[in-house]
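Since the structure comes first, as structure tokens, the remarks are kept for the end.
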Amino acid sequence: MALYLIGDVQGCDSALQHLLDEISFSPSRDKLFFLGDLVNRGPDSASVLRRLMAFGEAAACVLGNHDLHLLALAHGVRQPHRKDTLNDILNAPDRTAMLDWLRGQKMALLESVSGHDVLMVHAGVLPAWSAQKTITLASEVESVLRGPDLNEFLQVMYGDEPAQWSEALTGTSRLRVIVNTLTRLRFCDAEGRMEFKAKGGLDAAPEGYMPWFDVPGRQTEAVTVAFGHWSTLGWLDRPTVLAMDTGCVWGGCLSAMRLGHSRAGSGLAQELIQIQCKQAQVPG
């Protein structure tokens with residue numbers, strides 16, 4: 000069995016098909032892990048969801064900010080953005096099935112691959128969170144997404160505050176910090192205070208802030224962390240930090256990382272596979 004991590008698809012179903020052909024994917028043999036932002040900005044979000052639903056247990060996903068935005072739109076608590084391309088889902092006869100499937104996906108995943116832990120999130124992990132802590136906190140949001148209070152939660156989900164995690168947080172504030180960390184984080188300071196305005200690459204960090212994965216002593220240093228979300232970052236050549244959003248929807252590449260046992264040593268074998276996407280949207 001081959002295991003693949005795949006970056007932000009964002010409704011680019013034809014690019015996804017090309018990538019799956021490139022890796023000779025078989026749902027009876029292989030497993031795909033998608034790192035969020037399955038939908039929006041690309042031309043065919045509904046086909047992406049239908050494809051992944053049909054794969055059954057051969058595909059697992061974490062939710063990204065665009066996926067949550069779709070749920071908020073569907074429940075009438077957000078207005079469409081002028082660049083949204085989600086009407087093919089919202090107007091589809093199988094809309095309910097697609098939205099219910101999306102609600103059932105994870106906010107974070109932790110998998111053991113050839114004896115190595117791989118933590119998967121859409122955006123980032125705060126420095127004080129271990130891999131297991133991340134999974135535990137993610138499950139709190141997952142329970143709300145699948146429960147009867149979804150509409151109420153979506154109405155209060157958005158906002159930049161609190162900007163810092165505390166074990167004392169409860170209710171809406173606690174859930175919002177978890178969501179913002181897992182779906183929006185790029186930069187934070189050494190104490191884990193998040194900053195959401197800067198969207199450039201590594202050199203765009205505001206004064207006093209740094210990429211979340213560069214915070215000294217972060218609790219996830221001992222595991223491999225895979226994430227998407229940060230298209231301006233692009234691919235990083237770091238064995239335990241896998242930045243998988245390579246800007247497919249903006250005319251870049253759609254990327255997959257094959258993980259497995261390393262014959263050369265005790266590390267985790269990694270093989271990067273990329274295909275050029277023909278989309279040429281304007282970021283915004």
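Going by numbering that gives the first Met the number 0, the first residue of the sequence shown is number 0, and it counts up by one from there.
All C-beta atoms, glycine included, are put in the ideal place defined by N, C-alpha and C.
Predicted model, so just to flag it, every value in this text is computed and none were measured.
Alpha-carbon to alpha-carbon, ALA58 and LEU51: 6 angstroms
Reference GLN16, options THR84, GLU270, CYS247, closest by Cα: CYS247
Is it true that the CB of VAL38 sits closer than 9 angstroms to the CB of LEU4? no
Going by alpha carbons, who is nearest to TYR157 out of VAL124, GLY207, SER25, ARG183? ARG183
Taking the alpha carbon of MET209 as the reference point, which residue from LEU2, GLU190, GLN218, GLY227 has its own alpha carbon closest? GLU190
Thinking C-alpha only, which one of LEU241, CYS11, LEU253, GLY216 is nearest THR223? LEU241
Distance between VAL76 and SER113 (C-alpha atoms, nearest Å): 43 angstroms
Is PRO161 near ARG145, with beta carbons less than 9 angstroms apart? no
Does DSSP put GLY283 in a helix, a strand or coil? The predicted position of GLY283 is uncertain, since its pLDDT is 41 and thus under 50; no value can be drawn from it.
Is the beta carbon of PHE33 closer than 9 angstroms to that of GLU61? Before going further, note that residue 61 is Val rather than Glu in the sequence given. Yes, the pair counts as a contact, with Cβ atoms nearer than the cut-off.
Look at the alpha carbon of ARG173 and the alpha carbon of THR180, and state the distance between them as a whole number of angstroms. 11 angstroms
Which ranges does the alpha helix (DSSP H) cover as unbroken runs of at least 4 residues, wholly within the stretch 19-73, from first to last along the chain? 44-54, 64-73
Cα-Cα separation between ALA53 and GLU206, rounded to whole angstroms: 46 angstroms
From which residue to which residue does the alpha helix (DSSP H) around GLY142 run? Correcting the residue type first, residue 142 is Ser in the shown sequence and not Gly. Run containing SER142: 130-145, per the alpha helix (DSSP H) assignment.
Pick helix, strand or coil for HIS121, following the three-state DSSP scheme. coil
In this structure, does DSSP put PHE152 in helix, strand or coil? helix
Alpha-carbon spacing of GLU21 relative to ASP29, whole angstroms: 13 angstroms
Once DSSP output is grouped into helix, strand and coil, what is the label at GLY199? coil
For LEU109, tell me which candidate among GLU194, SER230, HIS121, LEU101 has the shortest Cα-Cα distance. HIS121
Using the Cβ count rule (16 or more neighbours within 10 Å means buried), how would you classify ALA96? exposed
Does SER230 pass the burial test, meaning 16 or more other C-beta atoms within 10 Å, or should it be called exposed? buried
Would you mind giving the Cβ-Cβ distance between LEU98 and ALA137, rounded to the nearest angstrom? I have them listed as a contact below 8 angstroms. Going by Cβ atoms, the distance from LEU98 to ALA137 rounds to 20 angstroms, so no, they are not a contact pair.
With DSSP run on the structure shown, which of helix, strand or coil describes HIS260? strand
Are VAL291 and ARG217 close, meaning C-beta to C-beta below 9 angstroms? An answer regarding residue 291 cannot be provided, because it is not within the stretch 0 to 283 covered by the chain.
For my contact list, ASP284 and ASP7 are in at a C-beta cut-off of 8 angstroms; report their separation, rounded to the angstrom. The structure shown does not extend to residue 284, since the chain is modelled only from 0 to 283, so the question has no answer here.
Could you give the DSSP three-state label for GLY246: helix, strand or coil? strand
Looking at the structure shown, is HIS80 part of a helix, part of a strand, or coil, going by DSSP? coil
For SER13, does the three-state DSSP call read helix, strand or coil? helix
Which residues share a DSSP beta bridge with SER111? ASP116
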